[in-house]
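All remarks here apply to the structure that follows.
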Amino acid sequence: MNTQDLYENNIKLLKSLNVQFKECTSEPVLSYETAEKVRKEFGLTGTESKSLFLKAKDGKYYMFVSVEGKRADFEKIKDKLGVKISVASQEELKSQTGCEPYCAIPFGYPKEITILIDPEIYNQQKFIFSPGPTEKTIEIAGKDVEIIFSALPNNKIRL
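Numbering (the working numbering), first residue to last: 2 to 160.
Next up, the structure:
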């Protein structure tokens, strides 16, 4: 799987669920500073997603999905999962999800990866995320985030 596959999976998912979205193509977004610049350039008003690829001591992988600026509470996650977790390596991110280093995405990767959902994402008016390629940005209505997560084959754990 590569970023183009992720992109195609995400666009197909959004269309199959009749989720309205705004798509922008820009310089590669590799930092929150660039994301802010892209938001201004394209008039995006949503909250930027934050996705963090994690690995449990037992070898299972998880994607923590939250909003920009929110830190992962590793103690809370450990209590919920019953196993110690840490940030996976950039090589594991790429090999397991197809995502580029430092550019994990909230949706569209293999079903074997469990999604850890920060409920704060459901409180956003609009939600901004990359569908895979770092030069693509998508904005959706916040109400559609739960619809998308519900349609995914991945196991999901609400934190």
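Where is the CB? At the ideal position from N, CA and C, for every residue including glycine. Please read all numbers here as calculations on a predicted model, not as lab measurements.
Open item on the list: Since ILE114 and THR135 should fall inside the 8 Å C-beta cutoff, what is the C-beta to C-beta distance between them, to a whole number of angstroms?
Closed with: On the sequence shown, residue 114 is found 113 positions in, with the first residue counted as 1. On the sequence shown, residue 135 is found 134 positions in, with the first residue counted as 1. Incorrect: roughly 20 Å between the Cβ atoms, too far for contact.
Open item on the list: Using only CA atoms, which one of THR138, GLY143, SER32 lies nearest to GLY70?
Closed with: Here the question's residue 70 lines up with position 69 in the sequence shown. Checked all of THR138, GLY143, SER32; the closest Cα to GLY70 is SER32.
- [ ] Apply the 10 Å Cβ neighbour rule to LYS51 and answer buried if 16 or more other Cβ atoms are within range, or exposed otherwise.
- [x] To locate residue 51, count along the sequence shown from 1; it is residue 50. Per the 10 Å Cβ criterion, buried.
Task: Every unbroken alpha helix (DSSP H) within the stretch 73-121, with a cutoff of 4 residues, ordered by chain - done: When DSSP assignments are scanned along the stretch 73-121, the uninterrupted stretches of alpha helix (DSSP H) that are 4 or more residues long and fall wholly within it turn out to be 75-82, 91-98.
TODO: Could you check what DSSP says for VAL68 in three-state terms: helix, strand or coil?
DONE: Along the sequence shown, one-based indexing puts residue 68 at 67. DSSP places VAL68 in strand when its eight states are reduced to three.
Task: Separation of LEU55 from GLU34, as counted between CA atoms - done: Mapped onto the sequence shown, residue 34 falls at position 33. Mapped onto the sequence shown, residue 55 falls at position 54. So the two alpha carbons sit approximately 23 Å from each other.
- [ ] Can you say whether GLY47 is buried or exposed, counting buried as having 16 or more other CB atoms within 10 angstroms of its CB?
- [x] The residue given as residue 47 occupies position 46 in the sequence shown. By the 10 Å Cβ count, GLY47 comes out buried.
Task: Contact set for ASN156: own chain, Cβ-Cβ below 6 Å, skip 5 residues either direction - done: As a first step, residue 156 is located in the sequence shown; it is residue number 155 there, counting from the start. Excluding positions up to five away in sequence, the list reads THR115.
TODO: Take GLN5 as the anchor and find which of LYS85, TYR110, LYS79, GLY60 has the nearest alpha-carbon.
DONE: Sequence index remark: in the sequence shown, residue 5 carries index 4 (1-based). Among LYS85, TYR110, LYS79, GLY60, the Cα nearest to that of GLN5 belongs to TYR110.
- [ ] Take LEU125 as the anchor and find which of LEU117, LYS77, VAL146 has the nearest alpha-carbon.
- [x] Here residue 125 refers to the residue found at position 124 when the sequence shown is read from its first residue. Correcting the residue type first, residue 125 is Gln in the shown sequence and not Leu. The shortest Cα separation from GLN125 among LEU117, LYS77, VAL146 belongs to VAL146.
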